[in-house]
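Q: I am attaching a structure below and will ask some questions about it afterwards.
There are 2 protein chains.
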Amino acid sequence: MLKTAAFLVGLALIFNTQRRALVSSFGFGVANAVVVAKMLPVASPSMIKVGFSGRDVLKKDRPLLPETLGLITGVFYLFSLLLFIPFAFYHHLTDTFSDGQFPHHKLAAYLSAILSIQSMLMLGVADDLFDLRWRHKFFLPAIAAIPMLMVYYVNWGKTSIVLPPFLEMGSTIDLGFLYYAYMGAFSIFCTNCINIYAGLNGLEVGQSVVLGVCVLINDYLYISGPPCPVMDNHLLSTYIMLPFVLASLPLLKYNWWPARGFVGDTYCYFAGMVFAVVGILGHFSKTLLSFCGPQIFNFLYSLPQLFHLVPCPRHRMPVYNEKTGKLEPSRADVSKCNSAVKTVLRALAKFRLIRVWEDASKMEVSNMTLINLTLVHIGPLREDHLTMVLLSLQFAWGILAIILRHQLAKLIFGA
Amino acid sequence: MLKTAAFLVGLALIFNTQRRALVSSFGFGVANAVVVAKMLPVASPSMIKVGFSGRDVLKKDRPLLPETLGLITGVFYLFSLLLFIPFAFYHHLTDTFSDGQFPHHKLAAYLSAILSIQSMLMLGVADDLFDLRWRHKFFLPAIAAIPMLMVYYVNWGKTSIVLPPFLEMGSTIDLGFLYYAYMGAFSIFCTNCINIYAGLNGLEVGQSVVLGVCVLINDYLYISGPPCPVMDNHLLSTYIMLPFVLASLPLLKYNWWPARGFVGDTYCYFAGMVFAVVGILGHFSKTLLSFCGPQIFNFLYSLPQLFHLVPCPRHRMPVYNEKTGKLEPSRADVSKCNSAVKTVLRALAKFRLIRVWEDASKMEVSNMTLINLTLVHIGPLREDHLTMVLLSLQFAWGILAIILRHQLAKLIFGA
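Residue numbers (our numbering), protein chains in the order written: chain A, 12 to 426; chain B, 12 to 426.
Structure, rendered in structure tokens:
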């Protein structure tokens, strides 16, 4: 009943009498969220039947849950992006269609965004299906970014970046081919940074929703201000991000503790690509990177274990304590490390960047992920409370980045 | 060795010194064919492992073969279409890039073609994976056609068709919304017509290759002639069709009798969408329909059984005769039909449109498919010989349609 009403409100917003594209975009998001919420429980048994399933190891009874549910969100989200096309260009169709003023380059950019997101969704499903090797899947996002890079090349070919005046190297510098390498690397970063900061119910979708809200706030600051040359970029970003955030909400609820299903690599990759697309086509990739502070910290903090300077167990997720029902930091056995490494680890423990458990025969440290570090600082937490803390951190960081970005930019580049 | 050489020739053609887009397109097709040929045997075990497999029931030992191999052709084909973008627009990038003359509307059309094909590939995989119900999958092609229809709407919005002068109703008639319904229906037809004219090793890919060659011949007649307004449409069609035909050839070889793997619904849908896309964006959907004579005949001929006027067994494929190793027409038991139906069936048998086996207690007819009808006329055939006959028929019909189209058009519409 409530859902039907929400769906009808969504439809009314899509076909709003003033034909405002932004309102239509919001309407698509609302209607879509209702459809996704309805489809998730319907699709779950089919997913398990096909073999898309996994155990939730942080629960007492380790239930078998459907996987790859990000596919449902992804497919309906893409569907709404496609149906939105005539609404995005409505005013051009009615007012200036006959003068040949139609902005085909904007349509091409929008289509390339959809193509890249859809390509990543396919590659994500392929990964969930065939369990691709790490060295193959690492580069998949760069492949999925090709449509966007091709259109970037033929549409703008602009590969120069603005330099701050104090460098005294001229106002811009042309990076040429390097700029495409940068965009490819940016896509790889966006998709993998969500995928490695994961493992708790609600964390993958939650961080995506929080990042999406930060992007929308930043877009709003441009769109609501006086007309400026980058306004169109931020409108495009909003058209892509707004329905994404809304279509992710029902998945977040479904995946929230205690989860009824997992989102799969499919969601992490596909969500990462949505961010890569708005960052590149909206020309604010550096701002977007600044929102990803927790993800970047998590990645850098993980490096000693990823490079095996510190022993790295196969799974670094927190440990479920059956008695308390809470999560505790998981540990790596560092007894066999040489004394220099041990000294460094003890020093890090002084700064509370790690926790050390040591007795005469054995030395253990907490695994180096932001999730474990949070447990080290706050103490054992129930899974959903831990997710909540991490998402709050993400949001606070994002807001701080927005404030700094808009204040610092004035300082560095002038008003 | 030979494959490496072919791959290098493909690369040389892509980066041909004269920067001819058509030569690059051919080069992509050649290089792609080599990659697909190499990937098919590599991917086959993974496909079986994931559950994409089926038995070849028209063989003595009914071997288990990998399914859904059309996915391999499809993914690499899409990949080559994306990488082709800068080559397609090379002359615009170098000559007139700075004057803002870049043909963004053509880029948008090309991107929408890729999007529709990719959407259909995804839906095809979903069908092979989840075994969708017939009433759901029937409309999938119309959904996959949405990107193209949206771009058609904002790009041209032209929904009028040219009328022949003798109707005396004016030179054109605007079909409005009906034209979009027509394009949706056309997509549904193209994808399903290949899917229901199937079941023999090599038939699905073979008919697609033959249809593709007919489209290319028709395109060539326009491209090689004097400059005309529709030349660009046929260039676009060639850019899409040429690499498709070439990437399908290794799959045809792999699927040829005795097949080492099946192409899956994935290939039938995806190939059908390639035809729908060139028909719509190339503005020659009616010509394309005329090439599909055998498919249309097969569909109409099947109707009495599809509507259960004549009993329809679950499978209507020919029957494998273990003694001769040849295929014979499969039969439907019509003993329980009323006498009117029996009379009609006996009359059809007189015109050799069906075969009847009748004795005192039982009456059987050959199942009403073009495949069985061919066996009725020619007699039992080995599977590959039957496929060969059907493909020859397809090619002969296509050539006839091209000749008629170019001669008849002059008669009806004037020169």
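Even for Gly, the Cβ is constructed at its ideal location relative to N, Cα and C.
Report the residue from Pro77/B, Gly290/B and Leu189/B whose alpha carbon sits nearest the alpha carbon of aspartate 462/B.
A: Since the displayed chain B opens at 12 and closes at 426, residue 462/B lies outside it and no answer follows.
Q: To test your reading of the DSSP string, which unbroken alpha helix (DSSP H) runs of 4 or more residues are found completely within the segment 255-296 of chain A?
A: Complete alpha helix (DSSP H) runs here, min 4: 275-292.
Q: Tell me the start and end of each unbroken beta strand (DSSP E) in the segment 342-419 of chain A that is at least 3 residues and wholly inside, in chain order.
A: Here the runs fully enclosed are 342-344, 367-369 and 374-377.
Q: Closer than 8 Å between beta carbons: that is the criterion. Which residues of the segment 31-63 of chain A meet it against chain B?
A: Residues passing the 8 Å Cβ filter: Ser57, Val61 and Gly62.
Q: For valine 330/A, name the three-state secondary structure that DSSP assigns.
A: Taking the first sequence and counting its residues from 1, the one referred to as residue 330/A is at position 319. Of the three classes helix, strand and coil, the one that applies to valine 330/A here is strand, per DSSP.
Q: Considering only residues of the same chain and omitting the five flanking positions on each side of tryptophan 408/A, which have a CB-CB separation below 8 Å?
A: Taking the first residue of the first sequence as position 1, residue 408/A is located at position 397. Within the same chain, tryptophan 408/A has close Cβ partners Phe302, Gly304 and Pro305.
Q: Using 8 Å as the threshold, is the C-beta distance between leucine 253/A and alanine 44/A below it?
A: Looking up residue 253/A in the first sequence gives position 242. Looking up residue 44/A in the first sequence gives position 33. In this structure, alanine 44/A does not lie closer than 8 Å to leucine 253/A by Cβ.
Q: Which residues in the same chain have their Cβ closer than 8 Å to the Cβ of glutamate 333/A, if we skip the five residues on either side of it in sequence?
A: Your numbering for residue 333/A matches position 322 in the first sequence. Here the set comprises Lys71.
Q: Assuming leucine 93/A and leucine 122/B are in contact, meaning their beta carbons sit under 8 Å apart, how far apart are those beta carbons, in whole angstroms?
A: For the purposes of this step, residue 93/A is taken as residue 82 along the first sequence, with counting starting at 1. For the purposes of this step, residue 122/B is taken as residue 111 along the second sequence, with counting starting at 1. About 12 Å; that fails the 8 Å criterion.
Q: Please state the DSSP three-state secondary structure of glutamate 215/A.
A: The sequence position of residue 215/A within the first sequence is 204, counting from 1. The answer is helix: DSSP assigns glutamate 215/A an H, G or I state.
Q: What's the C-alpha gap between glycine 40/A and serine 130/A?
A: Counting from 1 along the first sequence, the entry for residue 40/A is found at position 29. Counting from 1 along the first sequence, the entry for residue 130/A is found at position 119. Cα-Cα distance, rounded: 21 Å.
Q: Beta-carbon separation of valine 136/B and leucine 82/B under 8 Å?
A: Taking the first residue of the second sequence as 1, we reach residue 136/B at position 125. Taking the first residue of the second sequence as 1, we reach residue 82/B at position 71. Cβ distance < 8 Å, so valine 136/B and leucine 82/B count as in contact.
Q: At 4 residues or longer, what runs of the alpha helix (DSSP H) sit wholly inside the segment 16-95 of chain B?
A: Complete alpha helix (DSSP H) runs here, min 4: 32-61.
Q: Could you tell me whether the Cβ of leucine 246/A comes closer than 8 Å to any Cβ of chain B?
A: Within the first sequence, numbered from 1, the residue matching residue 246/A stands at position 235. So, not an interface residue.
Q: Rounded to whole angstroms, what's the CA-CA distance from serine 35/A to tyrosine 231/B? Just pull it up for me.
A: Along the first sequence, one-based indexing puts residue 35/A at 24. Along the second sequence, one-based indexing puts residue 231/B at 220. One C-alpha to the other measures close to 44 Å.
Q: Consult DSSP for leucine 247/A and reduce its assignment to one of helix, strand or coil.
A: Stepping through the first sequence from its first residue, residue 247/A is reached at position 236. It is helical.
Q: Answer yes or no: do asparagine 378/A and arginine 327/A have a C-beta to C-beta separation smaller than 8 Å?
A: Stepping through the first sequence from its first residue, residue 378/A is reached at position 367. Stepping through the first sequence from its first residue, residue 327/A is reached at position 316. In this structure, arginine 327/A lies closer than 8 Å to asparagine 378/A by Cβ.
Q: Taking Cβ-Cβ distances shorter than 9 Å, what residues in chain A pair up with serine 301/B?
A: Translated into the one-based positions of the second sequence, residue 301/B becomes position 290. Going along chain A, no residue has its Cβ under 9 Å from serine 301/B, so there is no contact; the nearest lies around 30 Å.
Q: How about proline 158/A: is its C-beta nearer than 8 Å to some C-beta of chain B?
A: Your numbering for residue 158/A matches position 147 in the first sequence. Output row for proline 158/A: interface = yes.
Q: If methionine 159/B sits next to leucine 292/B, beta carbons under 8 Å apart, how far is it from one beta carbon to the other, in whole angstroms?
A: In the second sequence, counting from the first residue as 1, residue 159/B sits at position 148. In the second sequence, counting from the first residue as 1, residue 292/B sits at position 281. Yes, methionine 159/B and leucine 292/B are in contact; Cβ-Cβ is about 7 Å, under 8 Å.
Q: Measure the C-alpha to C-alpha separation of isoleucine 382/A and leucine 397/A and round it to an integer number of angstroms.
A: Along the first sequence, read from residue 1 onward, the residue named residue 382/A stands at position 371. Along the first sequence, read from residue 1 onward, the residue named residue 397/A stands at position 386. Between isoleucine 382/A and leucine 397/A, the C-alpha separation is close to 8 Å.
Q: Can you name, in chain order, every residue of its own chain whose Cβ lies under 7 Å from the Cβ of phenylalanine 197/A, other than the five neighbours on each side?
A: Translated into positions along the first sequence, residue 197/A becomes position 186. Ala287, Gly290, Ile291 and Ser296, listed in sequence order.
Q: Kindly indicate if chain B contains any beta-carbon less than 8 Å away from that of methionine 161/A.
A: On the first sequence, residue 161/A is found 150 positions in, with the first residue counted as 1. By this cut-off, methionine 161/A is an interface position.
Q: Can you tell me the Cβ-Cβ gap for glycine 85/A and threonine 202/A, rounded? I've got them flagged as a contact below 8 Å.
A: In the first sequence, residue 85/A corresponds to position 74, counting from 1. In the first sequence, residue 202/A corresponds to position 191, counting from 1. Going by Cβ atoms, the distance from glycine 85/A to threonine 202/A rounds to 13 Å, so no, they are not a contact pair.
Q: Using a Cβ-Cβ distance under 8 Å, would phenylalanine 26/B count as near chain A?
A: Indexing the second sequence from 1 puts residue 26/B at position 15. Judged by the 8 Å Cβ criterion, phenylalanine 26/B is not in contact with chain A.
Q: Write down the C-beta distance between histidine 103/A and phenylalanine 95/A rounded to the nearest angstrom, noting that I regard them as a contact closer than 8 Å.
A: For this step, residue 103/A is matched to residue 92 along the first sequence. For this step, residue 95/A is matched to residue 84 along the first sequence. Their Cβ separation, rounded to whole angstroms, is 14 Å, which puts histidine 103/A and phenylalanine 95/A out of contact at 8 Å.
Q: Report the three-state DSSP secondary structure of leucine 126/B (helix, strand or coil).
A: Position 115 of the second sequence, counted from the start, is the residue given in the question as residue 126/B. Helix.
Q: Using a Cβ-Cβ cut-off of less than 8 Å, list which residues of the segment 120-140 of chain B approach chain A; keep chain order.
A: Answer set for the segment 120-140 of chain B: Leu122, Ser123, Ile125, Leu126, Gln129, Ser130, Leu132, Met133, Val136 and Leu140.
Q: Roughly how far, in whole angstroms, is the beta-carbon of asparagine 166/B from the beta-carbon of valine 216/B, given that I think they are within contact range, below 8 Å?
A: Within the second sequence, numbered from 1, the residue matching residue 166/B stands at position 155. Within the second sequence, numbered from 1, the residue matching residue 216/B stands at position 205. So it is not a contact: roughly 32 Å between Cβ atoms.
Q: Can you tell me which of the three DSSP states leucine 320/A falls into?
A: Position 309 of the first sequence, counted from the first residue, corresponds to residue 320/A. Leucine 320/A falls in the coil class under three-state DSSP.
Q: Can you tell me the Cα-Cα spacing of alanine 156/A and leucine 227/B, whole angstroms?
A: Counted from its first residue, the first sequence places residue 156/A at position 145. Counted from its first residue, the second sequence places residue 227/B at position 216. Approximately 30 Å between the Cα atoms of the pair.
Q: What's the C-alpha gap between arginine 144/A and alanine 120/A?
A: Here residue 144/A refers to the residue found at position 133 when the first sequence is read from its first residue. Here residue 120/A refers to the residue found at position 109 when the first sequence is read from its first residue. Cα to Cα, arginine 144/A sits roughly 32 Å from alanine 120/A.
Q: For chain A, check one thing: does any of its Cβ atoms lie closer than 8 Å to the Cβ of tyrosine 164/B?
A: Position 153 of the second sequence, counting from 1, holds the residue named residue 164/B. At least one chain A Cβ lies under 8 Å of tyrosine 164/B.
Q: Tell me whether serine 55/B is buried or exposed, calling it buried when 16 or more other Cβ atoms sit within 10 Å of its Cβ.
A: To locate residue 55/B, count along the second sequence from 1; it is residue 44. Answer is buried; the Cβ neighbour count reaches 16.
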